[in-house]
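S.K.: Shown below is the structure under consideration.
In the UniProt record's numbering, the protein residues as written are 1 to 127.
Written as structure tokens, this is what we have:
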């Protein structure tokens, strides 16, 4: 079954819910989780490390092995896919949508792009 589940997060409420669900799935399967968030190069620090640390603390509390990846790039979906490949993930589990408003318009739907281009199975949580 799945041994390494990639959990992309942007720290939004729905992404946090998907992280929680992904951690629960990993616990049931005896898998590890790899958390990833993507920093836009033109936005040097928007608390991405804090987002990863908060999610990692949840995995630790659940007894699920965890790794963290912070990537930087303009194409968030491509960075998520590259992180999945680099980490050897065999499943990507993510929310159907993340941030809302202007950032969603600027970034588009990362979930759609990940789903279209992934060679790794993608599990989409809708909340």
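C-beta atoms are modelled at their ideal positions from N, C-alpha and C, and glycine is treated no differently.
1) Return yes when the Cβ of residue 36 is within less than 8 Å of the Cβ of residue 95, no when it is not.
2) With H, G and I counted as helix, E and B as strand and the rest as coil, what does DSSP make of residue 23?
3) Ordered along the chain, which non-local residues of its own chain (more than five positions away) have a Cβ less than 8 Å from that of residue 59?
4) How many Å lie between residue 19 and residue 124 at the Cα?
5) Taking the alpha-carbon positions, what's the residue 31 to residue 77 distance?
6) Please classify residue 5: does DSSP put it in a helix, a strand, or coil?
M.R.: Based on what the coordinates show:
1) Against a cut-off of 8 Å, the Cβ pair of residue 36 and residue 95 comes out as no contact.
2) Correct three-state label for residue 23: helix.
3) Closer than 8 Å at Cβ, skipping near neighbours: 23, 26, 33, 35, 65 and 66.
4) Approximately 11 Å between the Cα atoms of the pair.
5) Rounded to whole angstroms, residue 31 to residue 77 spans 23 Å at the Cα level.
6) In the three-state reduction of the DSSP assignment, residue 5 falls in the strand class.
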